[in-house]
Amino acid sequence: MMPSQTYSAIVWRQFRKSRLATVSLLFVVVLACVAIMAPLIANDRPLIMRDAQGFAAPALHLPARLRGVDMQLFTQNPPPGVWLIMPPIPYRPGSYDLGAVLVSPSRAHLLGTDGDGRDVASQIVWGTRISLSVGLIAVGLAVFIGLILGALAGFYGGWIDIVISRFVEVMLCFPTFFLILVVLAFVGPSIYNIMIVIGITSWTGTARLIRAEFLRLRSREFVLAATVSGARHLRIMRRHLLPNAIAPILVAAPFGVAGAILVEASLSFLGFGVPPTEPSWGSMLAQAQRFMDIAWWLTLAPGFAIFATIMAYNLIGETLRDAIDPNLKT
Amino acid sequence: MRRPSPRSVVLGVCALIALMISSCDFRVERSPDVLTTSLLGDPTILNPVLATDAYAQGILSYIYQGLLDLDIETMELVPMLAERWEASEDHLSYTYWIREGVRWQDGTPFTVDDVLFTFETILDPKVDAARLRNYFRNLKAIERVGDRGVRFVFTEPYFRAHIMCGRQPIIPKHIFGDGQEMNSHPANRTPVGTGPYRFAEWKTGQRVRLDRFEGYWGDKPAIRGIVYKIIPEQVTAFQLMRKGGLDADTVSAVQWARQTEDRAFNERFSKHRFFPPNYFFVAWNNRKPYFSDPLVRRAMTMLIDREAIVRELLFGQGHVIDSSFYLYGREVDRDITPLPYDPAQAVKLLDASGWIDHDGDGIRDKDGTPFRFVYLYPAESRLARSIGIFMREDLAKVGIDCEPRQIEWATLLKLLGERNYDATQLGYTGQLESDPFQVWHSSQAEAGSNLSGFADARADALIEEARRTFDRDRRIELYREFQRIVHAAQPVTFLFTSATLEVVDRRFTDVVDYPMGLDLMKWGIGPSAVLYEW
Amino acid sequence: MFSYVIKRLLLMIPTFFGIVVVTFAVVHLAPGDPAELKAQSAREAIASDQATQQIVAETRALYGLDKPLVVQFGLWMKRVVTLDFGTSFRDHRPVIDKIGDALPITLTLNVLTILIVYLVSIPLGVYTALKPRGVADRAATVGLLVLYSLPSFWVAMMLIVAFGGGGDWFNWFPITGFVSDHADLLPWYGWVANVAWHLVLPVACLTYGGFAFLSRFARTAMLEVIRQDYVRTARAKGLSEWCVVTKHALRNALIPMLTLMGTLLPALLGGSVIVEQIFAIPGMGRLGFESVLARDYPVIMAIATISAVLTLLSILITDILYAVVDPRVTFGKR
Numbered sequence: 003m004m005p006s007q008t009y010s011a012i013v014w015r016q017f018r019k020s021r022l023a024t025v026s027l028l029f030v031v032v033l034a035c036v037a038i039m040a041p042l043i044a045n046d047r048p049l050i051m052r053d054a055q056g057f058a059a060p061a062l063h064l065p066a067r068l069r070g071v072d073m074q075l076f077t078q079n080p081p082p083g084v085w086l087i088m089p090p091i092p093y094r095p096g097s098y099d100l101g102a103v104l105v106s107p108s109r110a111h112l113l114g115t116d117g118d119g120r121d122v123a124s125q126i127v128w129g130t131r132i133s134l135s136v137g138l139i140a141v142g143l144a145v146f147i148g149l150i151l152g153a154l155a156g157f158y159g160g161w162i163d164i165v166i167s168r169f170v171e172v173m174l175c176f177p178t179f180f181l182i183l184v185v186l187a188f189v190g191p192s193i194y195n196i197m198i199v200i201g202i203t204s205w206t207g208t209a210r211l212i213r214a215e216f217l218r219l220r221s222r223e224f225v226l227a228a229t230v231s232g233a234r235h236l237r238i239m240r241r242h243l244l245p246n247a248i249a250p251i252l253v254a255a256p257f258g259v260a261g262a263i264l265v266e267a268s269l270s271f272l273g274f275g276v277p278p279t280e281p282s283w284g285s286m287l288a289q290a291q292r293f294m295d296i297a298w299w300l301t302l303a304p305g306f307a308i309f310a311t312i313m314a315y316n317l318i319g320e321t322l323r324d325a326i327d328p329n330l331k332t
Numbered sequence: 005m006r007r008p009s010p011r012s013v014v015l016g017v018c019a020l021i022a023l024m025i026s027s028c029d030f031r032v033e034r035s036p037d038v039l040t041t042s043l044l045g046d047p048t049i050l051n052p053v054l055a056t057d058a059y060a061q062g063i064l065s066y067i068y069q070g071l072l073d074l075d076i077e078t079m080e081l082v083p084m085l086a087e088r089w090e091a092s093e094d095h096l097s098y099t100y101w102i103r104e105g106v107r108w109q110d111g112t113p114f115t116v117d118d119v120l121f122t123f124e125t126i127l128d129p130k131v132d133a134a135r136l137r138n139y140f141r142n143l144k145a146i147e148r149v150g151d152r153g154v155r156f157v158f159t160e161p162y163f164r165a166h167i168m169c170g171r172q173p174i175i176p177k178h179i180f181g182d183g184q185e186m187n188s189h190p191a192n193r194t195p196v197g198t199g200p201y202r203f204a205e206w207k208t209g210q211r212v213r214l215d216r217f218e219g220y221w222g223d224k225p226a227i228r229g230i231v232y233k234i235i236p237e238q239v240t241a242f243q244l245m246r247k248g249g250l251d252a253d254t255v256s257a258v259q260w261a262r263q264t265e266d267r268a269f270n271e272r273f274s275k276h277r278f279f280p281p282n283y284f285f286v287a288w289n290n291r292k293p294y295f296s297d298p299l300v301r302r303a304m305t306m307l308i309d310r311e312a313i314v315r316e317l318l319f320g321q322g323h324v325i326d327s328s329f330y331l332y333g334r335e336v337d338r339d340i341t342p343l344p345y346d347p348a349q350a351v352k353l354l355d356a357s358g359w360i361d362h363d364g365d366g367i368r369d370k371d372g373t374p375f376r377f378v379y380l381y382p383a384e385s386r387l388a389r390s391i392g393i394f395m396r397e398d399l400a401k402v403g404i405d406c407e408p409r410q411i412e413w414a415t416l417l418k419l420l421g422e423r424n425y426d427a428t429q430l431g432y433t434g435q436l437e438s439d440p441f442q443v444w445h446s447s448q449a450e451a452g453s454n455l456s457g458f459a460d461a462r463a464d465a466l467i468e469e470a471r472r473t474f475d476r477d478r479r480i481e482l483y484r485e486f487q488r489i490v491h492a493a494q495p496v497t498f499l500f501t502s503a504t505l506e507v508v509d510r511r512f513t514d515v516v517d518y519p520m521g522l523d524l525m526k527w528g529i530g531p532s533a534v535l536y537e538w
Numbered sequence: 648m649f650s651y652v653i654k655r656l657l658l659m660i661p662t663f664f665g666i667v668v669v670t671f672a673v674v675h676l677a678p679g680d681p682a683e684l685k686a687q688s689a690r691e692a693i694a695s696d697q698a699t700q701q702i703v704a705e706t707r708a709l710y711g712l713d714k715p716l717v718v719q720f721g722l723w724m725k726r727v728v729t730l731d732f733g734t735s736f737r738d739h740r741p742v743i744d745k746i747g748d749a750l751p752i753t754l755t756l757n758v759l760t761i762l763i764v765y766l767v768s769i770p771l772g773v774y775t776a777l778k779p780r781g782v783a784d785r786a787a788t789v790g791l792l793v794l795y796s797l798p799s800f801w802v803a804m805m806l807i808v809a810f811g812g813g814g815d816w817f818n819w820f821p822i823t824g825f826v827s828d829h830a831d832l833l834p835w836y837g838w839v840a841n842v843a844w845h846l847v848l849p850v851a852c853l854t855y856g857g858f859a860f861l862s863r864f865a866r867t868a869m870l871e872v873i874r875q876d877y878v879r880t881a882r883a884k885g886l887s888e889w890c891v892v893t894k895h896a897l898r899n900a901l902i903p904m905l906t907l908m909g910t911l912l913p914a915l916l917g918g919s920v921i922v923e924q925i926f927a928i929p930g931m932g933r934l935g936f937e938s939v940l941a942r943d944y945p946v947i948m949a950i951a952t953i954s955a956v957l958t959l960l961s962i963l964i965t966d967i968l969y970a971v972v973d974p975r976v977t978f979g980k981r
């Protein structure tokens, strides 16, 4: 091994060895792109169009001259002289057609339509936004809270540790999913509330990991040396302790994201999720229940989307864990 | 002794399990003369005075009885626990003479005291019967008349007084009058009535079981027992029925239209459809600036494609309505045609009302208020959800921002009670001849059931006069005028009345469709294959 | 050790108090009022008027909901100390009875689940640990991750379609409930078989996800142990590989696995809301969910309190067990 290699480079090399994990990482990146570019992939407005007044990109920005125009009619029968390119899925997740309820997958609707006549593919595409943002923000919040509380408890010990440890115990004792339900009943379901509730109920793992690492490291020579040389506590934590403790958090994070996505889907499935105007895979599945044996595509598409996403995150976490495990290095 | 190898232990256990499963000993036979059906949830409580949910009321209708009954064929009041009755000329007092020889299911004779006790209980403010008490606020006195008579005296004449007193299920004094607190009385879970079925068992979350009461005073039904299985998902209940675990059940429109078409199903089950009184509507809060103008409300109605909703979401199992009265009742004014789905006309109405996009942000506004509102719907209601999705799309096209928001039933009730909402969708079960007072009278706008806040002096006068009118034809005239006022004002958008769809195992005979539903009291039982419990 | 246990027990008091206060606050600050729910029937949606308002107030007084929160909390604590959780707002049954009905069902379901997960995962973990990074290890890892990533409600939906529809596919298993009606007429083994028959699908939904977690855990523990000197010594003695693995390595690797059981308790008690809901099993998860929907304060509070106490106890027992089993851990101050 080259001595100049940094720790992260070693981990990355280990990670790259797993083809599945690399594919998963790629999949997550693609998902993120789909989420960001959802309006360009599934939209009932043209990507690019040209009419008498010149070029426009209505999918990104609706020009004033098109306001109040029924897009469905406009794009299906464009007026003479108008030239347009539609996105690959020419439906918004909200646009419905009561003339096409429960249509099976076809050229017009790649993944069929649901019980309200809405395009399933379009909803899957826009649903990535909900799933990914819930996953990332909830875990971000959880890591943030866990990091601060765990660091305080591990670094200072004493009564601060006792108080925080009790608090962790309090949180651990709640049946988490039940607690989330109760809190959501209180604050009302919305995507932000779901993110926050998942975040504030799932930080205990991070806190415990950080606390343990800090406890282990704080009596090491390099920390003592820094303390003796008069460095401020915050600086010691940030510069000396955190970099050494961050690895287990990195491993836990992908699993956390997978878990949060699953919790969001479960909540939506139970009817505690996001509003119907925001397409979510979980609520798609909940709606699909009624049509299970007459419209298989309704169950299959969102179920597979949830599965594939969770699977990708879990594979990344799994591979990261192996990559940083010093015992398993070959 | 040699210890058995792990492999042989595993094999042994597998063999044992296989033996247990293959010996058919673990299946239980199901009696063919017991009817099994399902409920989506537990009844809250099995006491006809305290129960407020439809599940409990359905079960209790077989256990408890009122003084009178509604004949399911003719829809006329007929004797039940009362043999005969009499009303005073001024319509202020009603006297009932109770039947002789009726016994409670525990053998105690039924007396006038039970009737008196029932109504005293309802009027007792400590009893959890707020809703019922509301109906009897004008009840001045309940008197005993001789041994077998009981007289109700009201302060005001009211055409529904007779049916209210007569249809109220009577509860036994000797059980509930023992000094224990009514609200937590143990008999609330082990009811004793006078009806054809007696309570047998209630396992919370699993089932409620009723057995035929062999000492019933009237004609005994052929069905020996009724089992209500509690299954929270309608999809699961439907699958269970197809497996042969249920004999009769309500099915959803999609199941009716698309999942019960195959021959195997129809060989096993008969399908029944009827339209009991109910109506669904979108309530607009008329107190809000955007919904205070009848023009706007008419426009909203014209923006909801009710015909398509009934056709595609209810799979045709409903009728578009424009009135709160029973679809097949004589009260409905059939000269009124519901407003058509006509977005172009709606835009004209909106423009005329002064809601125009003044500031050019794509949203209509008036006096600085943008036309932006929240549509609340309960989490359980799938149709309300779909309507929210449609409104958001369609209203956006005409420059109105509608945000559908799912909300729990408990929270929705609270907000509606405070009148703190913009729009919502609700369904009411009505009566054959309902009294519009509670929902449409202006006195109910503050804290009553008049959610939309509809207030019209002429409509008020019509409602009040109808309450005092005992001639049905005259009432019908009054109600028709009332409907024309409501139609013009569109305080709510009436959506449809939906069909009740039932499926019954074919081993039951004489299953007759009545306009209001089925009556299993009259069913017979034919031959059938051996049935198993699932 | 005795003083350690006492100290831990004392430390549990503030934790317990914290749990109860948090639950009480969250539950009681939620909008939606059981008194109003009661007065307004679900059937005739809203049937309130001025008189009803008064009656709502009376109902509230009846339930003690009109008193300040602090007083309500005090009264509630006073009753809980005597193990009286009050009666449900929904059906006026004692809360303890309702939990008594639901808890055994959820416990059966979950104990069975944990048992199966352990029985499958430990051999799997050991097997994959013997040849780390081999073909079997990789295949097992990926296969288990696939299972771990399948949302249980999706699988439940599929199972119901597959095993539900009246002979359409496989009409083998029941899809609702815990046991058949009238199953008590069967001989005892018939009853047990009947319950087992009912639990096939729900347990299938609950177990498959755990395999990945636990077998990975077993694999890691095993890898840890198998590198130890005493295992090498055992091998050097010429013992058979089977003997080395089961007698010397596995027994030591099992220690962390068994202590892990203690921390599974919250999940065990909370029940699986979704699985119980889909398969119509009247366990703790469904009771909790329905209580949340109905704002049945006493039931929610009781579930939270009981599971908190049991979880605290199990954490304590886990810690003690760990110390008892592993002599390297000492009690007392660091």
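Protein chains in written order, with this note's numbering: chain A, 3 to 332; chain B, 5 to 538; chain C, 648 to 981. Yeah, the Cβ is synthetic: ideal placement off N, Cα and C, and Gly gets one too. The structure presented is a predicted model; accordingly, all values stated were derived computationally and were not measured.
Residues in the same chain with beta-carbon distance under 7 angstroms from residue i, minus the five sequence neighbours each way, listed in chain order, please.
i         : result
Gly333(B) : Leu436 and Glu437
Gln349(B) : Met306
Leu64(A)  : Arg47
Leu750(C) : Met931
Starting from residue i, trace the beta strand (DSSP E) both ways and give me its first and last residue.
i         : result
Ser274(B) : Phe273 to Phe278
Which same chain residues, not among the five before or five after residue i, have their C-beta less than 6 angstroms away from its C-beta?
i         : result
Gln259(B) : Phe242
Pro250(A) : Leu211
Pro281(A) : Pro95, Gln125, Trp128 and Gly129
Between the Cα of residue i and those of the options, spot the shortest distance and give me the residue it belongs to.
i         : options                                       : result
Val32(B)  : Met659(C), Phe649(C), Ser919(C) and Pro834(C) : Pro834(C)
Ala559(B) : Ser456(B), Gly521(B), Val507(B) and Met525(B) : The first residue shown for chain B is 5 and the last is 538, placing residue 559(B) beyond what the model contains.
At 8 angstroms on the CB atoms, spell out the chain F contacts of residue i, in chain order.
i         : result
Glu397(B) : Among the protein chains in the structure shown, which are A, B and C, there is no chain F.
Return the CA-CA distance between residue i and residue j, expressed in angstroms with no decimal places.
i         : j         : result
Asp831(C) : Tyr68(B)  : 29 angstroms
Cys169(B) : Phe156(B) : 8 angstroms
Gly201(A) : Val920(C) : 20 angstroms
Gly101(A) : Met197(A) : 36 angstroms
Leu524(B) : Leu39(B)  : 9 angstroms
Ser938(C) : Lys725(C) : 22 angstroms
So, for residue i: in the same chain, excluding its five sequence neighbours on each side, which residues have a beta-carbon less than 8 angstroms away from its beta-carbon?
i         : result
Phe257(A) : Tyr315, Asn316 and Gly319
Ala689(C) : Low per-residue confidence applies at Ala689(C): pLDDT is 34, beneath 50, and the placement is therefore not dependable enough to give any value.
First and last residue of the alpha helix (DSSP H) that includes residue i?
i         : result
Phe121(B) : Val116 to Leu127
**Study point:** Three or more C-beta pairs below 8 angstroms linking the region 157-164 of chain B and the region 463-479 of chain B
**Key:** yes
Review point. If you pair each beta-carbon of the region 36-53 of chain B with each one of the region 185-197 of chain B, do three or more pairs fall below 8 angstroms?
Key: yes
Review point. Are there three or more Cβ pairs, one per stretch, closer than 8 angstroms when the region 651-669 of chain C is compared with the region 953-966 of chain C?
Key: yes
Point to revise | Cβ contact (3+ pairs, closer than 8 angstroms) linking the region 880-896 of chain C and the region 784-800 of chain C | key: no
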